Amino acid sequence: MFYHISLEHEILLHPRYFGPNLLNTVKQKLFTEVEGTCTGKYGFVIAVTTIDNIGAGVIQPGRGFVLYPVKYKAIVFRPFKGEVVDAVVTQVNKVGLFTEIGPMSCFISRHSIPSEMEFDPNSNPPCYKTVDEVRLNKSPLGNFAIGSLMDDYLGMYSFLVMKTITVVPVIIKISQQIISMLSPPQ
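Right under this line is the structure:
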């Protein structure tokens, strides 16, 4: 899920940045351009941890800009098919759940929610719940919900908080649809 890998990126710098702070400008531009981005091959770049090398700049003919090759290490988030992850429920409606898994948004269809959980539109907020009142919902109090995609070893568990049943983050299994969202178009 999270990996620390070596990556490369090219920084295009305008001539106005040439001067005593050139290297700091290249570093700041690297952080700005790569942190928070997503590539199909490596996933989401969470943070640049180290800058290993800033290569010699190459002047772009006719423009005056300089292209700097940069080698760096970063922490990336790359889910794989079949991986079990925690997700935070952000919205619940009759067609399913919307969740966030770190920087990634995910939809869980009602067909992937256990059949013993029924959608209750009259609850505030709307939720999926079982006969014994275990709820799968977005909680305004900062509590999270847990759900299952009906697979081996995935299930529901709950604990008591302030005399109400609350359940912890959604545990889901990454599907092929999520992986295809991360992959570049063919």
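Quick note on numbering: our numbering labels position 101 of the sequence shown as 92, and the sequence is numbered without any gaps. Quick reminder that beta carbons are idealized off the backbone N, C-alpha and C, glycines included. If you're wondering where the values come from, they're calculated on a predicted model, not measured in any experiment.
- Taking a contact as a CB-CB distance under 8 Å, the pair Ile42 and Ile66 does not count as one, their CB atoms being some 14 Å apart.
- Look at the beta carbons and you see the segment 48 to 65 touching the segment 2 to 14: at least three pairs across the two are nearer than 8 Å.
- The three-state secondary structure of Val25, taken from DSSP, is helix.
- Around the beta carbon of Val61, 16 or more other beta carbons lie within 10 angstroms, which makes this residue buried.
- Scanning its chain for C-beta atoms nearer than 6 Å, with the 5 sequence neighbours on each side dropped, one finds around Pro117 the residues Val83, in chain order.
- When secondary structure is reduced to three states using DSSP, Gln19 falls in the helix class.
- By the C-beta criterion, the segment 24 to 31 is judged not to be in contact with the segment 97 to 108, since fewer than 3 inter-stretch pairs fall below 8 Å.
- Considering only Phe89, Phe71, Phe110, the residue with the shortest C-alpha distance to Val79 is Phe89.
- For Val39, the enclosing beta strand (DSSP E) covers residues 34 to 45.
- The continuous beta strand (DSSP E) containing His(-5) extends over residues -7 to 4.
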